[in-house]
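First the structure, in the form of structure tokens, and then the observations on it.
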Amino acid sequence: MKDELKIAWRNLWRNRRRTLITSASVFFAVFFAVIMRSYQLGSYDHMIINFIESFTGYIQVQHEKYQDNPLVDYAFEYNDSLVDAISKLDRVVSVTPHLESFTLASSGTQTKGVAVIAIDPEKEKEFSNPESKLVKYRITDEAISQIGAEDQLPEKIFAKLKQIRGRSYSSAARIALEMGFSDKETQQYMPGILHHTGFSNGYLTARDDGILVSERLAAYLKVAIGDSVILMGQGYHGSTATGLFPVRGIIKLPSPEMDNKLIIMTIPAAQRLFDTGDRITSLVVNLNSKSERTLKKTKVLINSLLSDENTTSKTWYELNPILYQQIQGDSQTGMAMLGILYFIIFFGIFGTVLMMVSERKREFGVLVSIGMQKTKLKRIVTIEMLLLGGIGLVSGLLASVPLILYFYYYPVVLKGDLDNTMEDYGWDAVMPTAWFGPYFYWQAVVVALMVVVATIYPLRKIGSLKEIEALRA
Amino acid sequence: MKVIELKNVNKIYNSSEVKVHAVNDVTLDFTEAEFAAIVGPSGSGKTTLLNMIGGLDQPTSGDIIIGGTNLSALRSSQLIDFRLHHIGFVFQSYNLIPVLTAKENVEFIMNLQKWPEKEKNERTLELLNAVGLGDRINSRPGKLSGGQQQRVAVARALASRPKFVLADEPTANLDSKSATTLLEIMEKLNHESKITFIFSTHDPRVVKMAHRVITLEDGKVISDDIKGMPA
Chain U
20 MKDELKIAWR
30 NLWRNRRRTL
40 ITSASVFFAV
50 FFAVIMRSYQ
60 LGSYDHMIIN
70 FIESFTGYIQ
80 VQHEKYQDNP
90 LVDYAFEYND
100 SLVDAISKLD
110 RVVSVTPHLE
120 SFTLASSGTQ
130 TKGVAVIAID
140 PEKEKEFSNP
150 ESKLVKYRIT
160 DEAISQIGAE
170 DQLPEKIFAK
180 LKQIRGRSYS
190 SAARIALEMG
200 FSDKETQQYM
210 PGILHHTGFS
220 NGYLTARDDG
230 ILVSERLAAY
240 LKVAIGDSVI
250 LMGQGYHGST
260 ATGLFPVRGI
270 IKLPSPEMDN
280 KLIIMTIPAA
290 QRLFDTGDRI
300 TSLVVNLNSK
310 SERTLKKTKV
320 LINSLLSDEN
330 TTSKTWYELN
340 PILYQQIQGD
350 SQTGMAMLGI
360 LYFIIFFGIF
370 GTVLMMVSER
380 KREFGVLVSI
390 GMQKTKLKRI
400 VTIEMLLLGG
410 IGLVSGLLAS
420 VPLILYFYYY
430 PVVLKGDLDN
440 TMEDYGWDAV
450 MPTAWFGPYF
460 YWQAVVVALM
470 VVVATIYPLR
480 KIGSLKEIEA
490 LRA
Chain Y
849 MKVIELKNVN
859 KIYNSSEVKV
869 HAVNDVTLDF
879 TEAEFAAIVG
889 PSGSGKTTLL
899 NMIGGLDQPT
909 SGDIIIGGTN
919 LSALRSSQLI
929 DFRLHHIGFV
939 FQSYNLIPVL
949 TAKENVEFIM
959 NLQKWPEKEK
969 NERTLELLNA
979 VGLGDRINSR
989 PGKLSGGQQQ
999 RVAVARALAS
1009 RPKFVLADEP
1019 TANLDSKSAT
1029 TLLEIMEKLN
1039 HESKITFIFS
1049 THDPRVVKMA
1059 HRVITLEDGK
1069 VISDDIKGMP
1079 A
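Protein chains in written order, with this note's numbering: chain U, 20 to 492; chain Y, 849 to 1079.
Below is the structure:
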């Protein structure tokens, strides 16, 4: 084997330029494939974390008709023993009750249709944790003026700050991210920015009768903490749902779509508003695995625990078919692009193989003539091909690692038109890469497959080699 | 002792228009330690005959028996193995493995035969010294002259102590001095190791040195002159 490896390695460098070109083509294919796929999967993960892990959860227990007709009429009674039983299932992280409905929200002359999500403020910390989304900093005109007057920010930094005028943030890290600060700049400029943009906010208590309003909705309704919002809608079985609710806090949601229309209140307050008694509309189950297999398995297990035959459990992709289809469609487009990329590269490799076989036919003939078994010769050629693909593969994967790591921790924040387009789709305009997973290792499988397919040709040629004809080549 | 027996060997090439009788009913024997040359004009069947003796080509009819083994009874992989252990080849255009050094080229056959490391090293150095290349063992073929490459090829052919060596026009690509040196080395090795050498050649120097000269014409043996006893 050592002998075969030595010959294969040296053969590879007989035509140094051709080997480098072929390896470079594999390198670029792997590099771009990994980066593209990482961005794609990273965006999906980001979307899922934003949306699924903050709103729908991976699985929901609800009335079987609720999804098609989301009325509080389809609220159901639940008890702690069901919650406990579901909580004990493998991979389940949290089980949180929700009472969700739609109402009109009104303040002064402003009125808007809104989504109301009623929660248990303490339990919800295990799931969407609205407390972490409370607005802590606001880049107001006043704050910018104060920063301009008191802090000596470089002109470039000050210009960037003006670009995010009017925005609210629930974390300092996000401001630093959108400002594109390095660690040094964060240390240098963030304290001053945070000092002037700080915003005091409040959360809900267990039996609070107040509400949390999403930041964009609050801006539309022109309400601030301490103001009141009137909610008007339809309650349980046609009753009228009306109430006046004080604003306890403003939350900033990463999904612009939700940030435009969400009101959060406590379950007891919502049960009084909608007159549902002790009923809720959904039990949100969060898992520590995104795999489809886990989802399906957990769904079956949850269904077996439900005693009310009108309730059922649904996975996040049943609950959000549009988002799921968007992800699937985009993923398949990405896969098709990768397929085309690899298809082109395959022919590059195959071209090298054709040339190699053509150039070395006589040599193959000599080797077999002097006593080398064809199987051994096939092994040498296979090793050669694997090395050829392997050089490009390993270097491509290694080159992609620092980029993936960097953009995982410092994701690209889209600006301008791209930002607007993403937000129009309801997505947060941030593009992180995905952490290393099967997509990364699969590149090795794809390249290995390409090499194996390309190697079939020389192996067949060696198999059917006639020594006398090869020696005349 | 007979090393090679050819019995009524024929080779007929059937092209679409004509039938070519490249080797026509040849019956020959070669004994141990012969230094024989097969001569004849181009197209007389010398190389075809040599290829069939080496198991690289199959006769249309007749038998080639080497050390009691009929080559036509062997399967392809057995034939390759047979060549590895019993036949050495020297080609007109050297055909060394370009990515291996002179030493590695000679060792190549012994590696295929899985010789122990120590014996392999000793044998390689012995052969390279014998062909006058003891100082070029780490040179790759591209760094050697044609004559030196052919001497490495001779060392490689002898590496596994074959029953005989087939040399197809070994001096054809060499200058006069290199050709003479090569032939002298081969004759010396033939004398010392008692290995049979069979050449196909046009070269009068080979004919002059050979102990036996077989002349072919139109695939037939027209003369078989033994000039002396095997070494």
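Ideal Cβ placement from N, Cα and C applies to all residues, glycine included.
The criterion of a C-beta distance shorter than 8 Å is satisfied by Val304 (chain U) and Val114 (chain U). Among the residues of the region 361 to 394 of chain U, those with a Cβ less than 7 Å away from any Cβ of chain Y are Val385, Val387, Ser388, Ile389, Gly390, Met391, Gln392, in the order of the chain.
The straight-line gap separating the alpha-carbon atoms of Asp170 (chain U) and Val420 (chain U) is approximately 38 Å. Contact between Thr896 (chain Y) and Val871 (chain Y) is confirmed by a C-beta separation of about 5 Å, below the 8 Å threshold. Residue burial annotation: Pro140 (chain U) is buried, with at least 16 other C-beta atoms found within 10 angstroms of its C-beta. Of the residues assessed, Phe264 (chain U) falls on the buried side of the cut-off, its CB having 16 or more other CB atoms within 10 angstroms. Around the CB of Met284 (chain U), 16 or more other CB atoms lie within 10 Å, so the residue is classed as buried. Rounded to the nearest angstrom, the Cβ distance from Lys271 (chain U) to Ser189 (chain U) is 5 Å, consistent with a contact under 8 Å. For the C-beta of Arg931 (chain Y), the chain U residues within less than 8 Å are, from N- to C-terminus, Ser388, Ile389, Gly390. Cβ proximity to chain U below 8 Å picks out Asn899, Gly902, Leu904, Asp905 from the region 886 to 919 of chain Y.
Residue contact check for Arg33 (chain U) against chain Y: a CB pair falls below 8 Å. Beta bridge pairing from DSSP links Ala884 (chain Y) with Y:Ile1046, Y:Arg1060. Residues of chain U with a Cβ closer than 8 Å to the Cβ of Ile957 (chain Y) are, in chain order, Ile389, Gly390. None of the residues of the region 310 to 332 of chain U has a beta carbon lying less than 8 Å from any beta carbon of chain Y. Interface with chain U (8 Å Cβ-Cβ cutoff): Ile1062 (chain Y) is excluded.
Taking one beta carbon from each stretch, the region 153 to 171 of chain U and the region 187 to 203 of chain U have 3 or more pairs nearer than 8 Å; the two touch. In this structure, the straight-line span from the alpha carbon of Thr875 (chain Y) to that of Val938 (chain Y) is close to 23 Å.
Per the Cβ contact rule, the region 397 to 415 of chain U is in contact with the region 42 to 54 of chain U (3 or more Cβ pairs under 8 Å). CA-CA distance, Val857 (chain Y) to Pro907 (chain Y), rounds to 6 Å. Annotation for Ala489 (chain U): the continuous alpha helix (DSSP H) segment containing it runs 486 to 491. Here the region 57 to 77 of chain U lies against the region 450 to 469 of chain U, with 3 or more beta-carbon pairs under 8 Å apart.
Closest in C-alpha terms to Pro430 (chain U), from the list U:Glu486, U:Val449, U:Val470, comes U:Val449. Here Gln940 (chain Y) is buried: its Cβ has 16 or more other Cβ atoms, across all protein chains shown, within 10 Å. A straight line joining the alpha-carbon of Ile481 (chain U) with that of Pro964 (chain Y) spans about 29 Å.
Taking CB atoms only, Glu403 (chain U) has no neighbour in chain Y less than 8 Å away. By the C-beta criterion, the region 332 to 351 of chain U is judged not to be in contact with the region 369 to 381 of chain U, since fewer than 3 inter-stretch pairs fall below 8 Å. For Val851 (chain Y), not one C-beta of chain U is nearer than 8 Å to its own C-beta. The three-state secondary structure of Val154 (chain U), taken from DSSP, is coil.
Note on geometry: alpha-carbon atoms of Val465 (chain U) and Asp349 (chain U) lie some 20 Å from one another. In this structure, Arg37 (chain U) keeps its C-beta atom at 8 Å or more from the C-beta atom of Pro946 (chain Y). As the crow flies, the alpha-carbon of Ser258 (chain U) is around 32 Å from that of Glu72 (chain U).
According to the DSSP secondary-structure assignment, Gln165 (chain U) is paired through a beta bridge with no residue. Under the DSSP assignment, Gly353 (chain U) falls in the alpha helix (DSSP H) whose first and last residues are 340 to 378. Beta bridge pairing from DSSP links Ser301 (chain U) with U:Gln81, U:His117. Shown here, Ala288 (chain U) sits in a helix according to DSSP, grouped into three states. Of U:Gly127, U:Gly211, U:Ser332, U:Ala195, the smallest CA-CA separation from Ser247 (chain U) is found for U:Gly127.
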